[in-house]
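J.: Take this structure, written in structure tokens, and hold onto it; I'll ask about it next.
Below is the structure:
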């Protein structure tokens with residue numbers, strides 16, 4: 009993943025806002041391995057000032073703003089709201105330990121799509137950065153060829169099996185979409201539940217098993233493994 013991520017991010021800029029200095033330095037050192045420009049701030053107020061100064065100096069905003077939720081002076085949400093007043097299309101990554109629905113609703117209302125849960129791990133950080141950087145890769149094909157017979161159209165959210173469109177219910181399509189993002193890896197149950205919640209759908213863990221059964225019937229070439237108590241893994 010490292011070399012591919014570097015190729016996608018080497019011309020991108022990122023602002024990382026984190027009030028715990030040891031963590032900020034640790035994560036910033038990782039970001040510097042991939043991004044062309046890395047700027048840091050210790051709180052939301054400082055982050056906003058750096059953002060505005062960067063935009064004024066360069067004539068464009070940061071490509072990505074990655075911010076913690078809980079911070080002094082300005083929280084992550086307050087920082088996001090202030091930046092969105094200047095640049096509605098700014099791409100954000102939110103770092104948060106909160107699973108409270110109240111916070112998730114705030115994220116949804118602000119159209120935040122990318123999250124890194126605490127405690128942070130290099131794997132989670134690089135995985136999310138890889139997904140976010142795809143937004144800036146103009147050469148990236150909207151078609152994901154999972155096998156010779158199975159194709160996923162990311163833009164149109166459509167599945168083609170043997171070149172025929174597979175008709176899925178909304179819940180089943182959402183599950184397939186999140187499992188494809190973790191293709192070949194274990195997608196944690198919490199990630200699946202959060203993904204549905206962020207798409208305005210509230211499901212229970214038992215619902216996932218029913219959706220998996222339906223997906224297996226609709227798309228015979230896929231293999232979805234239930235890693236008991238942990239998550240689900242999509243393979244071909």
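Numbering (the working numbering), first residue to last: 9 to 244. Backbone N, C-alpha and C fix where the C-beta goes; we use that ideal spot for every residue, glycine too. What you are looking at is a predicted structure, and each value in this text was computed from that prediction instead of being measured.
Tell me which same chain residues have a C-beta within less than 6 Å of the C-beta of residue 43, skipping the five on either side of it?
T.: 17, 20, 22
J.: Which class does residue 215 belong to by DSSP, given the choice of helix, strand or coil?
T.: In the structure shown, residue 215 adopts helical secondary structure according to DSSP, grouped into three states.
J.: Just to confirm my understanding: we take residue 149, look at its own chain, exclude 5 residues before and 5 after, and list those with CB closer than 6 Å. What are they?
T.: Legend: pLDDT at residue 149 = 49, less than 50; position of this residue unreliable, value from coordinates given subsequently. If we look at residue 149 and ignore the five residues flanking it on each side, it has no Cβ neighbours.
J.: Determine which residues share a DSSP beta bridge with residue 170 and list them.
T.: None, per the DSSP bridge assignment.
J.: Which same chain residues end up closer than 7 Å to residue 170 when comparing Cβ atoms and leaving out the 5 residues on each side of it in sequence?
T.: 157
J.: Measuring CB atoms only, is the stretch 39-54 touching the stretch 172-179, in the sense that at least three cross pairs come out at less than 8 Å?
T.: no
J.: Cα-Cα, which of 217, 196, 223 is closest to residue 238?
T.: The residue with the shortest Cα to Cα distance from residue 238 is 196.
J.: Have a look at 185, 213, 188 and flag the residue whose alpha-carbon is nearest the alpha-carbon of residue 198.
T.: Of 185, 213, 188, the residue nearest in Cα terms is 213.
J.: Could you check where the alpha helix (DSSP H) with residue 195 kicks off and where it finishes?
T.: Residue 195 -> not in any alpha helix (DSSP H); beta strand (DSSP E) instead, spanning 194-196.
J.: Following the continuous alpha helix (DSSP H) through residue 234, name the residue where it begins and the one where it ends.
T.: Bounds of any alpha helix (DSSP H) do not take in residue 234; it lies within the beta strand (DSSP E) bounded by 231-235.
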